[in-house]
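Peer 1: There's a structure below that I have some questions on.
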Amino acid sequence: MKIKSIETFVRGPNIGVVRVRSDDGAEGWGQLSTYGADIAATVLHRQVAPTALGADATDIDGLTDRILEATYKFPGSYVCRALTGVDTALWDLRGKLESKSVCELLGGTSRPFPVYASSMRRDITPEDEADRLVRLQDAFGYRAFKIRVGSVNGHDQDQWPGRTETLVPTVRKAIGDDAALLVDGNSCYTPAKAIEVAKMLHQNNIGHFEEPCPYWQLEWTAEVRRASQVPVAGGEQDYDLQQWKRIVSMPAVDIVQPDICYIGGVARTLRVARWADKAGLLCVPHSANRSMVTVFTLHVMGAIPNAGPHIEFSIEPTPWVEGLLTEPLEAENGMVNIPAGPGWGVEISPEWLAQAEHQISES
């Protein structure tokens, strides 16, 4: 079975989906990485498609490696972001051929999976953040939450003076001691400051401290991990598997967080998850919006043996995701169902596709 065509459907800069068809008429749907999706679509047709077209549609691992070798003159994030569209579409195709969900293909079982309600906001006061999380707790039964501390690439500076030290205990008190609470530093701190913050987080029973230091400073993150009583998480930005080998072997973190869309798809994510499992580390892929990246993450987390206790589930309004899926993901009792149908178990809305910019590469 050979890949006959690869199509992209892109709406704006943030999101684009991919359809792959084989020479016998089978098809599968995937998604380019979010953010810069219009650029990723161009990379896909120009650099990825020439290797993918005519290739065996069932050899996802091998094709992934060949594409990256073929594009060695253009290494970097965008090749992986484009590759994700092909990888995820091929997993969908395979699931439909075998009448199994991707989760089942990977040895898992489709079922409800716990999620943590993920806040993306730093422009909100501690009191208002606490109030809205309690409302969501009551409405959707969330039993885990993540909030943002410090500031993005903050060089030890808070979003405004004193916000983090007020935010963490305020939210902890509001949601209660039985709910899990996680924090994300988004590359804010030097090791000394991160270790100081980690002590405060430990006092407030925080479940993990995500990306405390600039993510490229692995030695800094590893230093924080060694000193912190709070588990350290990270890796969402990393797409290079050699870098991932370093992250796991050091180890720089306690919880690995590859983003399926940033790293180049499911096949490459599974490699990281296996390495982490052998090293005794948990895996919780980054899934910070409700596009198909959360669908992909649900299927993977339902199958890997070292899955963490929760999946990231954004609580923020995201207009560019609206209308993408005919049945959007929803939380109930703090859980989201792993779609049970063949492949990804979701359908892209025909109305959404009709409004997208379409390109096709064919063999």
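The sequence shown begins at 1 in the working numbering and counts up one residue at a time. Cβ coordinates follow ideal geometry from the N, Cα and C atoms, glycine included. Treat the numbers as computed from the prediction; the structure is a model and nothing was measured.
Please say whether residue 145 and residue 181 have beta carbons closer to each other than 8 angstroms?
Peer 2: Contact: yes.
Peer 1: Output the distance between the C-alpha atoms of residue 138 and residue 64, rounded to the nearest integer angstrom.
Peer 2: Rounded to whole angstroms, residue 138 to residue 64 spans 43 angstroms at the Cα level.
Peer 1: For residue 4, which of helix, strand or coil comes out of DSSP?
Peer 2: Residue 4 falls in the strand class under three-state DSSP.
Peer 1: Are three or more beta carbon pairs between the segment 284-297 and the segment 258-267 nearer than 8 angstroms?
Peer 2: Yes, the segment 284-297 is in contact with the segment 258-267.
Peer 1: Helix or strand or just coil, what does DSSP make of residue 310?
Peer 2: In the structure shown, residue 310 sits in coil (DSSP, three-state: anything other than H, G, I, E or B).
Peer 1: If I follow the unbroken alpha helix (DSSP H) through residue 268, where does it start and stop?
Peer 2: Run containing residue 268: 266-278, per the alpha helix (DSSP H) assignment.
Peer 1: Can you check whether the CB of residue 94 is closer than 8 angstroms to the CB of residue 106?
Peer 2: For residue 106 and residue 94, no; Cβs fall outside 8 angstroms.
Peer 1: Residue 81: which of 346, 355, 263 and 311 sits nearest, CA to CA?
Peer 2: The candidate whose alpha carbon is nearest that of residue 81 is 263.
Peer 1: Quick one: Cα of residue 149 to Cα of residue 68, how far?
Peer 2: Whole-angstrom Cα-Cα distance: 36 angstroms.
Peer 1: Of all the options 239, 243 and 198, which has the alpha carbon lying nearest to the alpha carbon of residue 231?
Peer 2: Looking at the Cα atoms, 198 is the closest of the given residues.
Peer 1: Pick out the complete beta strand (DSSP E) segments inside the segment 318-357, 3 residues or longer, and give them in chain order.
Peer 2: Here the runs fully enclosed are 335-337.
Peer 1: Do the segment 174-190 and the segment 204-221 make contact, defined as three or more Cβ pairs closer than 8 angstroms?
Peer 2: A contact exists between the segment 174-190 and the segment 204-221.
Peer 1: With distance defined between alpha-carbon atoms, name the residue in 35, 24 and 39 nearest to residue 359.
Peer 2: Of the candidates 35, 24 and 39, the one whose C-alpha sits nearest the C-alpha of residue 359 is 39.
Peer 1: Output the distance between the C-alpha atoms of residue 24 and residue 160, rounded to the nearest integer angstrom.
Peer 2: Cα-Cα distance, rounded: 59 angstroms.
Peer 1: At which residues does the beta strand (DSSP E) containing residue 184 begin and terminate?
Peer 2: Unbroken beta strand (DSSP E) run through residue 184: 180-184.
Peer 1: DSSP has residue 116 in a bridge; who is on the other side?
Peer 2: Answer by DSSP bridge pairing, in chain order: 312.
Peer 1: Taking the straight line between their C-alpha atoms, what separation do you get for residue 189 and residue 238?
Peer 2: Near 18 angstroms, if we compare the C-alpha coordinates of residue 238 and residue 189.
Peer 1: According to DSSP, is residue 15 helix, strand or coil?
Peer 2: Strand.
Peer 1: DSSP three-state label for residue 136, please.
Peer 2: Looking at residue 136 - three-state DSSP - the assignment turns out to be helix.
Peer 1: Inspect the beta-carbon positions of residue 88 and residue 79 and report whether they are closer than 8 angstroms.
Peer 2: Cβ atoms of residue 88 and residue 79: not closer than 8 angstroms.
Peer 1: Among 287, 343 and 147, which residue has its Cα nearest to the Cα of residue 312?
Peer 2: The shortest C-alpha separation from residue 312 is found at 287.
Peer 1: Could you check how far apart the C-beta atoms of residue 102 and residue 30 are, in whole angstroms? I think they sit under 8 angstroms.
Peer 2: 11 angstroms between Cβ atoms; not a contact.
Peer 1: Check each candidate in 329, 13 and 43 and name the one with the smallest Cα separation from residue 34.
Peer 2: The residue with the shortest Cα to Cα distance from residue 34 is 13.
Peer 1: Would you mind listing the alpha helix (DSSP H) stretches within the segment 18-101 that are 4+ residues and don't spill past its ends, in chain order?
Peer 2: Qualifying alpha helix (DSSP H) stretches, in chain order: 37-43, 49-52, 60-70 and 77-98.
Peer 1: Using three-state DSSP, classify residue 283 as helix, strand or coil.
Peer 2: In this structure, residue 283 counts as strand in the three-state DSSP scheme.
Peer 1: Quick one: Cα of residue 255 to Cα of residue 222, how far?
Peer 2: Cα to Cα, the separation comes out at about 12 angstroms.
Peer 1: Since residue 111 is in the beta strand (DSSP E), which residue starts that stretch and which ends it?
Peer 2: Premise fails: residue 111 is in no beta strand (DSSP E) and is neither H nor E.
Peer 1: Thinking just about the alpha-carbon of each residue, which of 336, 316, 92 and 319 is nearest to the one in residue 347?
Peer 2: Closest option to residue 347, Cα to Cα, is 92.
Peer 1: So, for residue 99: in the same chain, excluding its five sequence neighbours on each side, which residues have a beta-carbon less than 7 angstroms away from its beta-carbon?
Peer 2: Here the set comprises 342.
Peer 1: Have a look at 48, 122 and 271 and flag the residue whose alpha-carbon is nearest the alpha-carbon of residue 154.
Peer 2: With distances taken between Cα atoms, residue 154 lies closest to 122.
Peer 1: Just to confirm, is the Cβ distance from residue 119 to residue 129 under 8 angstroms?
Peer 2: Yes, the pair counts as a contact, with Cβ atoms nearer than the cut-off.
Peer 1: In chain order, which continuous runs of the alpha helix (DSSP H) of length 4 or greater are located wholly inside the segment 218-261?
Peer 2: The qualifying runs are 218-227 and 241-249.
Peer 1: For residue 337, I'd like the list of residues in its chain whose CB is within less than 7 angstroms of its CB, leaving aside the five on either flank, ordered along the chain.
Peer 2: Only 112 meet the Cβ criterion.
Peer 1: Count the other C-beta atoms from every protein chain shown that fall within 10 angstroms of the C-beta of residue 280, then say buried if there are 16 or more, exposed otherwise.
Peer 2: Exposed, by the Cβ-count rule.
Peer 1: If you count every other CB in all the chains shown that lies within 10 Å of the CB of residue 354, and 16 or more means buried, which is it?
Peer 2: Flag for residue 354 reads exposed.
Peer 1: Looking only at C-alpha atoms, which of 236, 2 and 8 sits nearest to residue 352?
Peer 2: Taking only the C-alpha atoms, the option nearest residue 352 is 8.
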